[in-house]
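What follows is a set of notes on a single structure, which appears directly below.
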Amino acid sequence: MVCSGFWICYCSKEKSFRFLRSTTVKLATCLRLELKQRKRKRKRRYREMGSYGNLARRIVDTEMPIMVKMRELLRGAKNAVSLAQGVVYWQPPKEALEKVQELVWEPSISRYGADDGIPELREALVKKLRLENNLHKSSVMVTAGANQAFVNLVLSLCDAGDSVVMFAPYYFNAYMSFQMTGVTNILVGPGNPETLHPDADWLEKILSETKPVPKLVTVVNPGNPSGTYIPEPLLKRISDICKNAGSWLLVDNTYEYFMYDGLKHSCVEGNHIVNIFSFSKAYGMMGWRVGYIAYPSEVEGLATQLLKVQDNIPICASIISQHLALYSLELGPEWVRERVKSLVKNREIVTAALSPLGEGAVKGGEGAIYLYAKLPEGRGYDDFEVVHWLAHRHGIAVIPGSACGSSGNLRISFGGLTESDCKAAAERLKNGLEELVRDGLVQDQ
């Protein structure tokens, strides 16, 4: 927030707001960081632990996963349809599944593999990074999904007490990863109110004025939860700012193939940059858990430290899952892009369903599988209450923006349903939002 020529930035390590001078930056997002309420909840949790009071405070203080909270919010909602979880409706390639089926009885499938991934998959990924992502100086580590890749990197690059930077609306699991590894000095920056792009001017000031310099900056491109694509010039500027300050830049490229309206995804490379990728969404492999890190080969010691972390978490990603990833990769990006094309219609359907919120309320959607919608202002709506109400009264589930550091908003996922099912879900959503705007949170008698 801007206040009398200062930026107000929440410092979660010190449990306080920090005031930073700003003369050039004029835009900010309103972040829902209600300090006193969080402290009360934290104290109540400690009291309720009773004999379990010796639990690690860094875990107790970590936010509960929003998808776990959603189960509670949806409890009792009859036949609710989900536009909440970030999934796709398709399965892995049939040809790849058939090849994997033949491997089930191979003894090597049931044994440990190389910590950083089976050699043939890593070789294929290095080639893919060169040809598709223009990354020529990166080595690869295969992980059990992109979330585990993120945790590996936080443990390898950050110490407890370091400061890090993310931008609201942020990916909730990334925020949790910082919290549970002891990196509690999380500086949450604003996005442009019109585009939700990370504010590079703010970042430049934060990295120059915060001492010690924040260890790491992270962005998701295209965004989760926003679906906003960071244009290549802006991404390069963010990279340059991080390089000049001596900070790592961690870019999550999970949705690299999910680009619309002629936009093309791009990556940046450098000895201060690590990139994360995933098979989960692109190839419908959510439950198979395969992601990978592309890290700078020239940074001495980084590979060794990543291996330490990897060997103590999964040892290696599932061997059979890695083979499925390899066989899927062999089909090329065209297989994915054909399926992504079907989501364009879903995006249109859901965008129309959000029209009751008014002009300018819906952001993002240039990439990924998300739209980000602002609830009516001046009504005092709590987005968790709205989500609960939509599920129980209208049978539709979405994610509250508060889970992403941006209260008063909703995240809507359009990737998990076929077009016909998406139409039915969108009708429920539109009916609910029309009633919300017209009559408020009407309760059944």
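Numbers 1 to 445, taken from full-length UniProt numbering, label the letters of the sequence shown in order. Glycine included, each C-beta is placed from N, C-alpha and C at the ideal position. Everything numeric in this text was worked out from a predicted model, so none of it was measured.
- A direct Cα-Cα distance of roughly 27 Å separates Leu121 from Gly415.
- In the DSSP annotation of this structure, the continuous segment of the beta strand (DSSP E) that includes Phe277 starts and ends at Ile273 to Ser278.
- Three or more beta-carbon pairs separated by less than 8 Å link the segment 254-266 to the segment 218-236, which places the two stretches in contact.
- Setting aside the 5 residues that flank it on each side, Trp335 is surrounded in the same chain by Pro93, each with a C-beta closer than 7 Å to its C-beta; the list follows chain order.
- Closest by C-alpha distance to Cys316, out of Tyr171, Arg337 and Gly291, is Gly291.
- Judged by DSSP in its simplified three-state form, Tyr175 adopts helix.
- Look at the segment 89-177 and you find these whole runs of beta strand (DSSP E), each 3 residues long or longer: 138-143 and 163-167.
- Comparing alpha-carbon positions, the option among Asn275, Val268 and Leu324 lying closest to Arg289 turns out to be Leu324.
- Annotated three-state conformation of Pro65 is coil, per DSSP.
- According to DSSP, residue pairing for Arg411 in a beta bridge involves Tyr372 and Ile399.
- Beta-bridge analysis with DSSP links Ala294 to Val140 and Asn275.
- Inter-segment contact for the segment 78-85 and the segment 422-436 is present: three or more beta-carbon pairs are separated by less than 8 Å.
- Gly189 is a Cβ neighbour of Val165, given a cutoff of 8 Å.
- Under the criterion of beta carbons closer than 8 Å, Val140 and Thr181 do not qualify as touching, at roughly 23 Å.
- As computed with DSSP, Asp252 is found in a beta bridge with Val220 and Ile276.
- Residue state for Val309 is assigned as helix, using DSSP reduced to three classes.
- For Val336, the enclosing alpha helix (DSSP H) starts and ends at Pro333 to Ala353.
- In the DSSP assignment, Asn244 falls outside any beta strand (DSSP E) and within the unbroken alpha helix (DSSP H) covering Glu232 to Ala245.
- Around the beta carbon of Gly191, 16 or more other beta carbons lie within 10 angstroms, which makes this residue buried.
- Looking at the DSSP output, Ile206 bridges to nothing.
- With the rule of 3 Cβ pairs closer than 8 Å, the segment 239-249 does not count as touching the segment 94-114.
- By the Cβ neighbour-count rule, Asp261 is exposed, with fewer than 16 other Cβ atoms within 10 Å of its own.
- A Cβ-Cβ contact shorter than 8 Å links Lys215 with Asp162.
- Under the Cβ criterion (8 Å, minimum of three pairs), the segment 85-102 counts as touching the segment 406-420.
- For Ala352, the closest of Leu371, Arg337 and Thr228 by C-alpha to C-alpha distance is Leu371.
- Straight through space, the alpha carbons of Leu375 and Leu129 are spaced by roughly 40 Å.
- Fewer than three Cβ pairs drawn from the segment 112-127 and the segment 344-364 lie within less than 8 Å of each other, which leaves the two stretches out of contact.
- Nearest C-alpha to Val309 among Arg71, Gly53, Pro65 and Asn152: Asn152.
- By the Cβ neighbour-count rule, Gly117 is buried, with 16 or more other Cβ atoms within 10 Å of its own.
- Three or more Cβ pairs closer than 8 Å define a contact, and the segment 173-187 meets that threshold against the segment 55-63.
- The C-beta of Ala397 has 16 or more other C-beta atoms within 10 Å across all chains shown, which makes the residue buried.
- Closest by C-alpha distance to Cys404, out of Ile349, Asp201, Ala168 and Leu74, is Ala168.
- Glu204 counts as buried, since at least 16 other C-beta atoms from the protein chains shown sit within 10 angstroms of its C-beta.
- The alpha-carbon separation between Tyr229 and Gly367 amounts to approximately 6 Å.
- Separation of the CB atoms of Ser156 and Gln305 is rounded to 5 Å, and the pair is thereby assigned contact status at 8 Å.
- Separation of Val213 and Leu187 (C-alpha to C-alpha, rounded to the nearest whole angstrom) is 11 Å.
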